[in-house]
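Trainee: Supplied in structure tokens, the structure appears directly below.
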Amino acid sequence: MIYDKDVAFPYPVLTNSSNGYVDCSFEFDINDLYDDGRNFIFEITYNIKNNFIKTLINESKAIIVFIVYSQDNYFKRLTANQNKIIIPKSKISLSNRTTIQLHIQSLEEISMSNCNELAPFYDKYKDQIKLSKHVLLGYSNLVKYQGSEYSSLELFKQSVNREYKNAFEVELNEDSIVLKFNDSKYIIANESSTNLFNMYLFVGLSRALHAFIMNNNTENEEFIELQSLNEHQMNNLDSKLLSLMLNKGIKEIDYESIDSIIAKISNNIIEKYVNSIERIMNYGN
Numbered sequence: 042m043i044y045d046k047d048v049a050f051p052y053p054v055l056t057n058s059s060n061g062y063v064d065c066s067f068e069f070d071i072n073d074l075y076d077d078g079r080n081f082i083f084e085i086t087y088n089i090k091n092n093f094i095k096t097l098i099n100e101s102k103a104i105i106v107f108i109v110y111s112q113d114n115y116f117k118r119l120t121a122n123q124n125k126i127i128i129p130k131s132k133i134s135l136s137n138r139t140t141i142q143l144h145i146q147s148l149e150e151i152s153m154s155n156c157n158e159l160a161p162f163y164d165k166y167k168d169q170i171k172l173s174k175h176v177l178l179g180y181s182n183l184v185k186y187q188g189s190e191y192s193s194l195e196l197f198k199q200s201v202n203r204e205y206k207n208a209f210e211v212e213l214n215e216d217s218i219v220l221k222f223n224d225s226k227y228i229i230a231n232e233s234s235t236n237l238f239n240m241y242l243f244v245g246l247s248r249a250l251h252a253f254i255m256n257n258n259t260e261n262e263e264f265i266e267l268q269s270l271n272e273h274q275m276n277n278l279d280s281k282l283l284s285l286m287l288n289k290g291i292k293e294i295d296y297e298s299i300d301s302i303i304a305k306i307s308n309n310i311i312e313k314y315v316n317s318i319e320r321i322m323n324y325g326n
């Protein structure tokens, strides 16, 4: 498992926010991620600011574990100073919902008696703290996979079927916003009026964001703080919308802010639509 929030442990654990140690941290980042056709290759950096933990790793008393939390959870033990991880593509699937974290795990019983970096709280009884083999000693920050950033248009699919009752309908499914037409004549493809299609995009985004609020406002708050949401508990469409909003610097959403959010995540499609109408009225198409 991974830890996306602070967790209370009955013993000191190295994190970037806990008070078990004094002036210590465990920072992690992915510098590059690519595939060679058969494998995913991660190039990583990490910095452990804790001499006691680093000594345990160097003496093979503890080990760093690379954890991928996705549709297919995967972990790999790293050697000391390893910064490249190769994972067969058959082992994992990466998506915008993939989260990666480093853990530190004990390989034998650990005594804390010689640790000089513990918080003062532990001073009186650190000689009594003995950690078993295979317990968690620390965990890093999370890194979310950004290899497939979603633009607003990648949220959409379109379908034409003469059996549809209405000229235009919107359907929301697990992965996308489906724009449904009962005649292809409603799909404007001519270059001079491409922005007229933005009317359909706006309606689709509006419906999707309304549904996003309904799906994720479980406590009936006045607005939703986007950073507080857990994308692993969402469907794919809501997860895409969340990533898109966060990438645009949007921090919260409510029903009244939907129009302004659409403008931010879709490069002002309403203005483009209105401008297209004005050009047609003034000059013809």
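All residue numbers for the sequence shown refer to our numbering, where the first residue is 42 and numbers rise by one. All C-beta atoms, glycine included, are put in the ideal place defined by N, C-alpha and C. Please read these numbers as outputs of a predicted model, since none were measured by experiment.
Thinking C-beta only, is V184 closer than 8 Å to I141?
Mentor: The residue labelled residue 141 in the question sits at position 100 within the sequence shown. The residue labelled residue 184 in the question sits at position 143 within the sequence shown. Result yes, Cβ atoms of I141 and V184 sit closer than 8 Å.
Trainee: From the DSSP secondary-structure annotation, give me the bridge partner or partners of F50.
Mentor: Translated into the one-based positions of the sequence shown, residue 50 becomes position 9. Looking at the DSSP assignment, F50 forms no beta bridge with any residue, so it has no partner.
Trainee: L103 and L55: beta carbons closer than 8 Å?
Mentor: Working through the sequence shown from its first residue, we reach residue 103 at position 62. Working through the sequence shown from its first residue, we reach residue 55 at position 14. The sequence as given places Ala at residue 103; Leu does not occur at that position. No, these two residues do not count as a Cβ contact at 8 Å.
Trainee: Would Y241 be called buried (16 or more neighbouring beta carbons within 10 Å of its own) or exposed?
Mentor: Against the sequence shown, residue 241 aligns to sequence position 200. Under this definition Y241 is a buried residue.
Trainee: Would you mind sorting P129 into buried or exposed? The rule is 16 or more other CB atoms within 10 Å of its CB.
Mentor: On the sequence shown, residue 129 is found 88 positions in, with the first residue counted as 1. The residue in question, P129, is exposed, as its Cβ has fewer than 16 Cβ neighbours within 10 Å.
Trainee: Do the CB positions of L177 and F69 come within less than 8 Å of each other?
Mentor: Locating residue 177 in the sequence shown gives position 136, where the first residue counts as 1. Locating residue 69 in the sequence shown gives position 28, where the first residue counts as 1. No, the pair does not count as a contact, with Cβ atoms beyond the cut-off.
Trainee: Check this for me: beta carbons of F107 and Y180, under 8 Å apart or not?
Mentor: As a working mapping, residue 107 is identified with position 66 in the sequence shown. As a working mapping, residue 180 is identified with position 139 in the sequence shown. In this structure, Y180 does not lie closer than 8 Å to F107 by Cβ.
Trainee: Beta-carbon within less than 7 Å of S134's beta-carbon, same chain only, minus the 5 sequence neighbours each way: which residues are those?
Mentor: In the sequence shown, the residue the question calls residue 134 occupies position 93. S111, Q112, D113.
Trainee: Applying the 10 Å Cβ sphere with the 16-neighbour rule, what's the burial state of G78?
Mentor: For the purposes of this step, residue 78 is taken as residue 37 along the sequence shown, with counting starting at 1. The residue is exposed, with fewer than 16 neighbouring Cβ atoms inside 10 Å.
Trainee: So, for E330: in the same chain, excluding its five sequence neighbours on each side, which residues have a beta-carbon less than 7 Å away from its beta-carbon?
Mentor: This structure gives no information on residue 330, because the portion of the chain shown stretches from 42 to 326.
Trainee: Take T86 and list the residues in its own chain whose beta-carbon comes closer than 7 Å to its own, dropping the five residues that flank it on each side.
Mentor: Reading the sequence shown from its first residue, position 45 is the one you call residue 86. These residues qualify, in order along the chain: D70, N72, N124.
Trainee: Under the rule that 16 or more other beta-carbon atoms within 10 Å means buried, what is K281, buried or exposed?
Mentor: Counting from 1 along the sequence shown, the entry for residue 281 is found at position 240. Looking at its Cβ environment, which holds 16 or more other Cβ atoms inside 10 Å, K281 is buried.
Trainee: Are the beta-carbon atoms belonging to K289 and I306 less than 8 Å from one another?
Mentor: By 1-based counting over the sequence shown, the position of residue 289 is 248. By 1-based counting over the sequence shown, the position of residue 306 is 265. Closer than 8 Å, so yes.
Trainee: For F81, which of K132, M286, L270 has the nearest alpha-carbon?
Mentor: Reading the sequence shown from its first residue, position 40 is the one you call residue 81. With distances taken between Cα atoms, F81 lies closest to K132.
Trainee: Relative to the C-alpha of A333, which residue among T96, T139, E297 is closest?
Mentor: Beyond the ends of the chain as shown, which are 42 and 326, falls residue 333; an answer cannot be given.
Trainee: Work out the CA separation of C65 and V219 for me, nearest whole Å.
Mentor: For the purposes of this step, residue 219 is identified with residue 178 of the sequence shown, where counting begins at 1. For the purposes of this step, residue 65 is identified with residue 24 of the sequence shown, where counting begins at 1. Rounded to the nearest angstrom, the two C-alpha atoms are 49 Å apart.
Trainee: Once DSSP output is grouped into helix, strand and coil, what is the label at R248?
Mentor: Here residue 248 corresponds to residue number 207 of the sequence shown, with the count starting at 1. Reduced to three states, the DSSP call for R248 is helix.
Trainee: Apply the 10 Å Cβ neighbour rule to M42 and answer buried if 16 or more other Cβ atoms are within range, or exposed otherwise.
Mentor: Residue numbering aside, residue 42 sits at position 1 when the sequence shown is read from its first letter. That one is exposed.
Trainee: Can you give the Cα-Cα distance for L287 and I170, rounded to whole angstroms?
Mentor: Mapped onto the sequence shown, residue 287 falls at position 246. Mapped onto the sequence shown, residue 170 falls at position 129. Whole-angstrom Cα-Cα distance: 42 Å.
Trainee: Rounded to the nearest angstrom, what separates T259 and L196 at their Cα positions?
Mentor: Within the sequence shown, the letter at position 218 stands for residue 259. Within the sequence shown, the letter at position 155 stands for residue 196. If you take the alpha carbons of T259 and L196, they lie about 24 Å apart.
Trainee: When the Cα of N277 is compared with those of E297, S269, N256, I291, which residue comes out closest?
Mentor: In the sequence shown, residue 277 corresponds to position 236, counting from 1. Minimum Cα distance to N277 is reached at N256.
Trainee: Flag this pair as yes or no: are the beta carbons of N60 and E158 separated by less than 8 Å?
Mentor: Here residue 60 corresponds to residue number 19 of the sequence shown, with the count starting at 1. Here residue 158 corresponds to residue number 117 of the sequence shown, with the count starting at 1. No; because the gap between Cβ atoms is not below 8 Å, this pair is not in contact.
Trainee: Since K270 and R248 are thought to touch, with beta carbons under 8 Å apart, how far apart are those beta carbons, to the nearest angstrom?
Mentor: Residue mapping note: residue 270 aligns to position 229 of the sequence shown, counting from 1. Residue mapping note: residue 248 aligns to position 207 of the sequence shown, counting from 1. It should be noted that the sequence gives Leu, not Lys, for residue 270. That pair is no contact at about 19 Å.
Trainee: Which residues bound the alpha helix (DSSP H) around N99?
Mentor: Here residue 99 refers to the residue found at position 58 of the sequence shown. Counting along the chain, the alpha helix (DSSP H) containing N99 begins and ends at 92-99.
Trainee: If you draw a straight line from the alpha carbon of F243 to that of Y52, how long is it in whole angstroms?
Mentor: Taking the sequence shown and counting its residues from 1, the one referred to as residue 243 is at position 202. Taking the sequence shown and counting its residues from 1, the one referred to as residue 52 is at position 11. Straight-line Cα distance between these residues: approximately 52 Å.
Trainee: Where are the alpha helix (DSSP H) runs, 4 residues long or more, that stay fully inside the region 59-92, in chain order?
Mentor: Correct list: empty.
Trainee: Relative to the C-alpha of K198, which residue among S152, K206, E215 is closest?
Mentor: To locate residue 198, count along the sequence shown from 1; it is residue 157. Among S152, K206, E215, the Cα nearest to that of K198 belongs to E215.
Trainee: Give me the DSSP bridge partner(s) of S200.
Mentor: Position 159 of the sequence shown, counted from the start, is the residue given in the question as residue 200. DSSP, once it has assigned bridges, lists K221 as partnering S200.
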